[in-house]
Structure formats: structure tokens, C-alpha cells
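In what follows, a structure is listed as C-alpha cells, so that the remarks can point back to it.
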Amino acid sequence: MSINPSYTLRNKRVWVAGHSGLVGSALVRRLQGEGCDVIAAPRESVDLRRADQLDRWMREAKPQAVFLAAARVGGIYANDTRPAEFIYDNLMIQSNVVEASRRAGVEKLMLLGSSCIYPRLAPQPIPESALLTGPLEPTNQWYAVAKIAGIKLGQAYRRQYGCDFVSVMPTNLYGPGDNFDLMQSHVVPALIVKAHQAKISNAPSMEVWGTGAVRREFLFVDDAADGMVFFMQNYSDEGIVNLGPGSDVPIRDLVGLICKVVGYKGGVRFDTSRPDGAPRKMVDTSYAASLGWRAHTPLQTGLEVTYRWYLDNVASEKRRAVA
Ligand code: GFB
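If you want this note's numbering, it's the 1-based position in the sequence shown plus 154.
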């Protein structure tokens with residue numbers, strides 16, 4: 155039985171681990187309508203890689219439900235150049251949060267994975283059953299291995315201890331609160347920065363990494379948060395659930411869309427010395443749909459909201475720092 159409609163977040167103490175990140179901040183926004191008490195672990199005193207610090211905080215905070223949205227994340231360059239951080243930090247965060255949640259008697263926990271857990275050449279769209287059926291994409295294998303271990307942790311704790319721990323796998327995420335640092339970011343925030351800077355400096359062209367031919371599927375982060383809350387309340391099984399909008403685009407078309415949203419009319423230079431990463435990773439969302447959830451936000455709308463957030467929160471900060 156996959157559906158367990160009985161879990162309610164109302165009046166519960168709900169810990170959003172990673173509350174200030176892209177997904178965590180969207181979850182905090184989304185949970186405002188659920189009548190729960192959202193709690194956060196202070197970053198200064200609780201390093202989730204440290205079991206002792208986490209245990210101390212858990213004993214006082216006593217969360218009843220946990221969204222594990224804390225992770226070491228980044229785009230293709232960060233993943234490829236900082237493999238140790240991506241595997242170590244994520245393994246530690248997941249192991250500590252899962253074990254501390256078991257010890258604290260947490261009623262329900264949701265782990266957040268990623269579409270990069272699937273084999274590089276998985277069938278498209280990728281069904282949940284493709285997990286562990288082939289070699290991973292080399293640029294993010296470290297992160298992927300840690301995320302697969304997270305899924306397996308949740309499944310093992312469910313089997314051995316009867317913990318109600320579930321996992322969802324969103325495809326590439328973007329939205330307000332994203333990381334706009336070009337050396338760490340994913341493609342959407344990177345191209346927003348590049349198109350914006352090219353526009354304000356009247357540059358004849360902007361640089362795009364790779365060939366532009368690979369395809370990606372982008373899920374607006376508020377849709378992802380909505381899906382996470384939905385499955386927290388309505389799903390209780392060891393099988394993973396893909397979250398995505400159900401359509402993907404070549405990077406070349408994403409560039410065109412972002413230039414339109416930003417209002418940049420110059421040219422594009424593809425730097426093919428940069429890696430492309432996986433040729434395609436569009437997830438099969440039919441399982442999520444059969445359980446009653448779909449994403450709503452069209453890509454252009456999500457990009458417009460994200461660009462507005464960038465102008466109000468990142469570009470304006472930079473202008474103030476220069477003034
Ligand atoms: O979003 P992204 O960094 O990560 O890159 P992945 C997606 C595609 O966009 C790649 C191209 O083909 C990049 O080469 N791209 C073009 C750019 N211009 C840029 C740019 O300026 N910056 C960036 N970052 N990319 C990530 C994984 O893979 O997917 C993570 O590394 C995570 O671990 C995430 O799993 C979902 O989609 O290739």
C-alpha cells in the first residue's frame with residue numbers, strides 16, 4: 155500500500171533541515187499554510203556533519219516530522235572539482251540526521267534525492283526502477299553515490315526499525331533563493347547572471363558552457379516544495395518517487411528563454427572545453443501523477459519569478475556594495 159493519507163503536519167513540530175537553502179526556504183514558505191510549527195537548527199551552533207552537535211539540538215527541539223533538505227549541492231563545475239566535499243558532507247549529513255531522527259522517535263522523515271542518482275544512459279523518461287541499473291555520470295558520481303546511500307539508509311531504517319522514512323527524487327531545481335555564484339551554481343542561475351551582466355555591459359555575446367545540445371528538465375522550487383509536502387502527508391513506502399514537470403529542453407533553448415526573460419539581445423558563445431555532463435535526464439513522473447501530484451509552474455513563469463528575485467536580492471546587493 156503506497157498511500158497513507160493519515161499523516162498530518164497540523165500542530166506538529168516540523169524541522170526543515172537546510173531551511174535557508176533553495177529547497178529549505180521554499181519548504182518554509184509552503185509549510186506556512188499547514189498549521190504546523192516550523193523549526194530550524196541554528197547554523198552557527200549545529201553543524202549537521204557533527205553527530206554530537208545534532209544530538210544535543212534534537213534533544214531540546216524534539217521535532218516530530220523532518221524534511222531533510224540540507225545538502226552539499228552545486229552545479230557541474232562544483233561537483234566535478236570538489237568530489238570529496240560532495241561525498242563526505244552528504245554522507246555525514248544524511249547519516250546523522252537519519253540516525254538522530256530514529257533515536258529521537260521522529261514520526262516521519264523525508265529525504266531529498268536528485269535525478270543524478272540514475273545511470274548516465276538510463277532510458278528516458280527515467281522510471282524509478284532505473285536506480286542502480288548502470289554506471290553513473292562521472293561529473294557528479296560522488297554526489298550521486300551519497301544520495302543513493304541516503305535512499306538506502308531510509309529504506310534500511312524502514313525495514314529494520316519500522317521508521318516511516320520516505321524519499322523523493324526531484325529533477326534539476328531552480329527558483330528564488332538559488333545560488334548565483336558562477337563557480338558553484340547550476341545552469342539556470344548561472345545563465346541569469348551571465349545574461350544580466352551581458353545586458354547591462356552591452357556585451358556583444360555571453361558565454362555558455364558545453365555544446366548546448368544536452369537536455370535538462372527543470373522543476374520550479376515551489377513546485378518541488380509542494381510535492382514534498384504532498385508526499386509527506388500522503389505517501390508511506392520504501393519506493394522512491396520522482397518529481398518533475400514532465401518535459402525537458404536542450405540547454406540551447408534554455409539560453410534563448412533566459413535571454414528573453416532578462417531582455418538580452420546579443421549573441422551566444424559555446425565553450426565546448428567545458429563538460430556537458432549527462433546527455434539527458436528527464437524523470438518519468440507517472441508514479442507521482444498516479445498518486446495525485448503534478449507540478450504546475452511553466453518554465454518561463456518560473457524563470458521570470460527567479461530573475462525578479464535575483465534583481466531584488468542579489469544584483470541590488472552587489473550595487474549597494476559597490477556604491
Ligand atoms: O546545472 P548544471 O551545472 O548541472 O549544468 P547538471 C547543466 C548543463 O548546463 C551542463 C550547462 O551541460 C552544463 O555544461 N551549462 C551551460 C552550464 N552554461 C553553464 C553555466 O554557466 N553554468 C553551469 N553550471 N552549467 C547537476 C549535478 O548536473 O545536476 C548536481 O552536478 C545535481 O549534482 C544537479 O545532481 C541536479 O545538470 O549537469
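We put the CB at the ideal spot given by N, CA and C, even for glycine.
With burial defined as no fewer than 16 other Cβ atoms inside 10 Å of the residue's Cβ, what is the status of Glu-291: buried or exposed? buried
Looking at the structure shown, is Pro-292 part of a helix, part of a strand, or coil, going by DSSP? Three-state result, Pro-292: helix.
What are the start and end residues of the beta strand (DSSP E) that includes Ser-359? 359-363
Secondary structure, beta strand (DSSP E): runs of 3+ residues fully inside the segment 209-265: 219-222, all fully within the segment 209-265.
Same chain only: Cβ atoms within 7 Å of Val-182, ignoring 5 sequence neighbours per side: Val-170, His-173, Val-192
Here's a check: name, in chain order, each residue in its chain whose Cβ is nearer than 8 Å to the Cβ of Ser-156, leaving out the five neighbours to either side. Because the pLDDT at Ser-156 is just 49, under 50, the model does not fix this residue reliably, and the point stays unresolved.
Which one of Ser-283, Met-360, Gly-331 has the shortest CA to CA distance from Met-323? Ser-283
Boundaries of the beta strand (DSSP E) in which Leu-445 is found, first to last residue: Careful: Leu-445 lies outside any beta strand (DSSP E) and carries neither H nor E.
Grab me the residues of Val-299's own chain with a C-beta within less than 8 Å of its C-beta, minus the 5 sequence neighbours each way, in chain order. Ile-241, Leu-290
Residues in its own chain within less than 6 Å of Tyr-297 by CB, not counting five upstream and five downstream? Hits under 6 Å: Asn-233, Phe-240.
Ala-469 by DSSP, collapsed to three states: which one? Helix.
Counting C-beta neighbours from all protein chains within 10 Å, is the total for Tyr-315 16 or more, i.e. buried, or is it exposed? exposed
By the DSSP assignment, the alpha helix (DSSP H) with Asp-407 in it spans what residues? 405-416
Please classify Ile-271 as buried or exposed, where buried requires at least 16 neighbouring CB atoms within 10 angstroms. buried
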